[in-house]
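Each residue of the sequence shown is one higher than the one before, counting from 257 in our numbering. Ideal placement from N, C-alpha and C gives every residue a C-beta, glycine not left out. Down below is the structure, laid out as structure tokens.
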Amino acid sequence: MKKIIYIVLSLSVLLLVGCNSPKTMEEAFHKEMKSLKDVDDYTLVKQIEKDNVILFTSYIEGDEENNEQLNIVHFNKVNNEWFWDKTASCNDKWSGKLGDKPYIWCGTLTEPRHDIVYVGDTKANVIEVEGGIERVWYHLSENDNEEIKVVLADGSEEWLKEVIK
């Protein structure tokens, strides 16, 4: 009888632990953000399921310089559980988050003349923010030293990051 009670209790604990695991990328995002003690508020701006990324802003009281900066987080899904992998700040023309692959390359476009961003030979994904005035671009790459250029509306090109060979 004790053995049956032990098995039932063990299975109940396993079931409860499984219920606490985030079922979606968005749930994992909210769980992680709420666990950050220094973050007072945050906003999920856009979720891009095909790349397992979320664009967000955060607010930390007393850190006015960095508040409302656009950030991108990449998630991994392992055994049906979502895990926060890495984060990059996208507030400059370009930024890279290296470490484990995939590498995150991202940046912010603030001028209408900026049309398309290329990371290496690949067109970056562009997300409109605040009614299209500001746009964030990102690319997940296997290369840790990418060239980044923007094609302007007139067809000319501008280097954001050039690799010297």
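Of the other Cβ atoms in all chains shown, fewer than 16 fall within 10 Å of the Cβ of Ala409; this residue is therefore exposed. The shortest C-alpha to C-alpha distance from Lys333 to any of Glu367, Met281, Leu326 is the one to Met281. Look at the beta carbons and you see the stretch 398-409 touching the stretch 358-376: at least three pairs across the two are nearer than 8 Å.
Measuring C-alpha to C-alpha distances from Glu324 to each of Lys302, Ile310, Asn308, Asp297 identifies Asp297 as the nearest. Exclusion of the five residues before and after Leu311 leaves Val301, Lys302, Leu326, Ile328, Ile383, Val392 as the residues of its chain whose Cβ lies within less than 7 Å of its Cβ. If you keep only unbroken beta strand (DSSP E) runs of at least 3 residues inside the stretch 307-391, you get 309-315, 327-334, 337-345, 351-353, 359-365, 370-375, 381-385. DSSP lists Val406 as the bridge partner or partners of Glu414. Shown here, Ser397 sits in a strand according to DSSP, grouped into three states. Annotated as proximal: Asn399 and Tyr359, with beta-carbon spacing under 8 Å. Listed as beta-bridge partners of Ile304 by DSSP are Val309. Exposed is the label assigned to Val419, since fewer than 16 other Cβ atoms lie within 10 Å of its Cβ.
The beta carbon of Asn381 is closer than 8 Å to those of Ile304, Asp307, Trp393, Tyr394, His395 in its chain, skipping five residues each way along the sequence.
Put simply, the backbone Cα of Lys279 is about 20 Å away from that of Thr299. Non-local C-beta neighbours of Leu416 in its own chain, meaning closer than 8 Å and more than five positions away in sequence, comprise Lys349, Trp350, Gly363, Val373, Ile404, Lys405, Val406, ordered along the chain.
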